[in-house]
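Read the structure below first, then the notes.
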Amino acid sequence: MKQEIKLTFKILSRHLIVGALVTVFIFWLINEIPNSDYLLTKLHIWLTIPFGLTLASWLTSKRIFKQVTGQKRNVYLVAFSFILFSWTIAFLSTALSEGVLATIKNRRFEIIDALEGYAIYQLWFYWSVGIIHGLTGGLFLALDLKKLKE
Numbered sequence: 013m014k015q016e017i018k019l020t021f022k023i024l025s026r027h028l029i030v031g032a033l034v035t036v037f038i039f040w041l042i043n044e045i046p047n048s049d050y051l052l053t054k055l056h057i058w059l060t061i062p063f064g065l066t067l068a069s070w071l072t073s074k075r076i077f078k079q080v081t082g083q084k085r086n087v088y089l090v091a092f093s094f095i096l097f098s099w100t101i102a103f104l105s106t107a108l109s110e111g112v113l114a115t116i117k118n119r120r121f122e123i124i125d126a127l128e129g130y131a132i133y134q135l136w137f138y139w140s141v142g143i144i145h146g147l148t149g150g151l152f153l154a155l156d157l158k159k160l161k162e
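Residue numbers for the sequence shown, in the working numbering: 13 to 162.
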């Protein structure tokens with residue numbers, strides 16, 4: 013069972029990396045790659061998102077394996093749900109890291125304010141991209157997850 017969970021984690025991680033590369037490529041195509049000054053000021057975000065996604069895929073590997081093999085769930089639906097979940101984790105990582113940084117800078121608790129602001133202005137974007145990514149990338153992830161059944 014441990015070997016299958018490791019395989020599930022590898023599959024999920026590989027698809028997260030491919031999704032990140034495709035996202036960067038699309039932003040490059042539309043000329044929206046931020047400059048180096050912006051990247052350095054938002055370095056905490058660029059460090060917390062990969063950590064959050066790695067932790068989320070590690071924690072959900074066992075459940076996804078059980079959903080696909082034991083409970084015979086629709087593999088495409090499981091793949092779509094995981095991709096949308098990963099975009100939600102990226103959103104939460106961004107909002108929480110901004111809130112923690114604002115709390116440190118201003119010396120007052122601003123994590124809830126950051127979550128509210130990000131929920132109002134950016135949650136729709138993360139979920140829209142997550143739905144598009146889930147519909148397209150979910151097909152490829154579902155094909156790899158079907159191999160777990162065999």
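For every residue, glycine included, the Cβ atom is placed at its ideal position computed from N, Cα and C.
Cβ neighbour criterion (16 or more within 10 Å) applied to residue i
| i | result |
| --- | --- |
| T20 | buried |
| G82 | exposed |
| V87 | buried |
| L65 | buried |
| E122 | buried |
| E110 | buried |
| T53 | exposed |
| F37 | exposed |
Which listed residue (the options) has its alpha carbon closest to that of residue i
| i | options | result |
| --- | --- | --- |
| I95 | Q15, S25, K14 | S25 |
| E128 | F103, R85, S98 | F103 |
| Y138 | A107, L155, S69 | A107 |
| H27 | F121, S140, Y133, G150 | G150 |
| I143 | K14, W99, F37, K54 | W99 |
| W172 | A131, K14, K158, I132 | Residue 172 falls outside the range modelled here, since the chain spans only 13 to 162, and no answer is possible. |
For residue j and residue i, believed in contact at Cβ under 8 Å, the rounded distance
| i | j | result |
| --- | --- | --- |
| W40 | L51 | In fact, because the Cβ distance is near 14 Å, the residues do not count as touching under 8 Å. |
| I101 | A68 | 5 Å |
| V90 | K161 | About 11 Å separates the two Cβ atoms, so there is no contact after all. |
| K74 | I17 | 5 Å |
| L147 | F92 | 7 Å |
Practice task
Entirely within the stretch 28 to 59 and at least 4 residues each: give me those alpha helix (DSSP H) ranges in chain order.
Solution key: 48 to 53
Handout entry: Every unbroken alpha helix (DSSP H) inside the stretch 56 to 116 [4 residues or more]
Key = none
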